[in-house]
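**Q**
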Amino acid sequence: MMTQVRVLGHTNNHQALERVGNASRSISGAVYQDIYASCNMKKDKLNTESQFDSHIKADTGPLDVTRLPQLSGSSSASIEYRLTSLHSGQGMESEATRVVVEIVDFSAISHQDSLEILNARIGRLSHLLRAAARPSNLHLPTCEGYVRASASKFFILYRPPEQADLFKQPRTLLCLLLRHPNAPKRPPKMPILPSLEERYSLAKQLAEGLLRLHSISWLHKCFNSNNVLFFHSPDGLNISHPVLVGFGLGRTSDKTSETIDVRQLGSHFDLYQHPELRANAHKRYKKRHDIYSLGLVLFEIGIWQSIFYFKKDNQDAQDFRRAIRNACDSHLAHFMGKAYQRAVLQCLDEDDMWKEAEGDDDDDFSETHEVFFWKVVRELGGVQ
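Right under this line is the structure:
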């Protein structure tokens, strides 16, 4: 299986992906079927990119903004979510479909060329997330399309999961965690306290999801507990099936992809970014930066408490990192066991290992994918 994982993470060759996919398809077991689906999804991504090199296809362009009139006056926010209705057709034949809307605002970016690049990326993402076949462990929603509400504001439309209650707003992981006064405000709710098994399952699913995302050469760039959604089912809030969102800031991981500074400096969620990215100077985003952010979310899941609890006034990025690492050393094994503690510390505190895995600064052909598989995902017990 490791050969399939290595090839999937490294190659952009259609024939190699075809061979790995066909070999995995012939082997029973959910993990091999997921590798097969990941190969198909990566091939679709490569096809989409080649199409965008010459032109943007009509079905990947933005939808008509008039189909979402109730969002036209929505407040400016870096990323925001709501469950609303998408109207299609005219007059009496109009039909309403419930969708989750991710509102992405690039108002801090004034350069028109950069905005057009971001528009094209969201178009690629929209097409990619409409793929019919996808790995079961990818934990991504199906995209219905996107709306360009203005030059700098986009609405990305996601289909809710099957069995979701379509009239109850989804809740974020951040909203469920025990909080500290420094955390972003939220409505008061009765605490949800998941079992050890539920927390372990949630952590494994998110780690596997990021592994799959990187296998199709896509960087999330905004991995935090506010971008993990849970939907209500007839039996209540379903925390066993997380959905990863917040892709509006992401891009492909190949080194030819132009880097644009879309950081949310000064935002609460800047706390989830790697210390290298919290400096004033803009640096190119790497897979290891996603992995660091995952480590913070895994830490939160392990102790079921927001990282904002550990944030002090006048604390720089490295001091905050040390505070989290010290809390991992002293508390995490007690709550989740030593294997979980090791996985989290690999994400947070092994920069030299991740930099060595990156090789010559080409993320698509680095060893990061393989190291992440062995040091984090397998340590958590995922992808057996």
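Add 17 to the 1-based position in the sequence shown for this note's numbering, that's all there is to it. The beta-carbon is built from N, C-alpha and C at its ideal position, and this holds for glycine as well.
(1) Would you say D336 faces chain C, with C-beta separation under 8 angstroms as the test?
(2) Can you give me the start and stop residues for the alpha helix (DSSP H) that I139 sits inside?
(3) At a cut-off of 7 angstroms, would you count K329 as near the ligand GDP, judging by its Cβ distance to the nearest heavy atom?
(4) What's the call for A166, buried or exposed, on a 16-neighbour Cβ count within 10 Å?
(5) According to DSSP, is C345 part of a helix, a strand, or is it coil?
(6) In angstroms with no decimal places, state the Cα-to-Cα distance between I173 and V164.
(7) Contact between the segment 331-343 and the segment 229-246: three or more CB pairs below 8 angstroms?
(8) Grouping DSSP H, G and I as helix and E and B as strand, with all else coil, what is E119?
(9) So, with DSSP's three-state summary, where would you put L223?
(10) Please identify the residue among G263, E375, L135 whose C-alpha is closest to the C-alpha of V118.
(11) Using the beta-carbon count (16 or more within 10 Å), is N136 buried or exposed?
(12) State the beta-bridge partners of G162 as determined by DSSP.
(13) Helix, strand or coil, according to DSSP, for S43 in the structure here?
(14) Do you know how far the Cα of A40 is from the Cα of T83?
(15) Near L294, which residues of its chain fall below 8 angstroms by C-beta distance, leaving aside the five closest residues on each side in sequence?
(16) If you run the structure through DSSP and keep just helix, strand and coil, what is S169?
(17) Just checking, does the segment 212-225 make contact with the segment 284-294 on the three C-beta pairs under 8 angstroms criterion?
(18) Give a yes or no on whether the C-beta atoms belonging to S55 and F123 are separated by under 8 angstroms.
(19) From E384 to E375, what distance separates their C-alpha atoms?
(20) Can you tell me whether DSSP reads L236 as helix, strand or coil?
(21) For a test of the three-state rule: what should DSSP assign to Q406, helix, strand or coil?
(22) Could you give the C-beta distance for S102 and T114, rounded to a whole number, given that I count them as a contact under 8 angstroms?
(23) With distances taken from CA atoms, which of L288, A181, K238 is nearest D330?
(24) DSSP three-state call for P187: helix, strand or coil?
(25) Can you tell me whether A360 is buried or exposed? The criterion is at least 16 other CB atoms within 10 Å of its CB, across all chains shown.
(26) On the three-state DSSP scale, how would you describe R229?
**A** Quick look at the numbers:
(1) Within the model displayed, chain C is absent; a lone protein chain is all it includes.
(2) 129-145
(3) The model on display carries no ligand, and the ligand GDP is accordingly not part of it.
(4) buried
(5) helix
(6) 6 angstroms
(7) no
(8) strand
(9) helix
(10) G263
(11) buried
(12) L174
(13) coil
(14) Only weak support is given to the placement of T83: the predicted model assigns it a pLDDT of 47, under 50, and the value that follows is read from those uncertain coordinates. Each residue's Cα considered, the two are about 46 angstroms apart.
(15) R280, K300, Y302, H306
(16) coil
(17) no
(18) no
(19) 6 angstroms
(20) strand
(21) The requested residue 406 does not occur in the structure, where the chain is confined to residues 18 to 401.
(22) 7 angstroms
(23) L288
(24) coil
(25) buried
(26) helix
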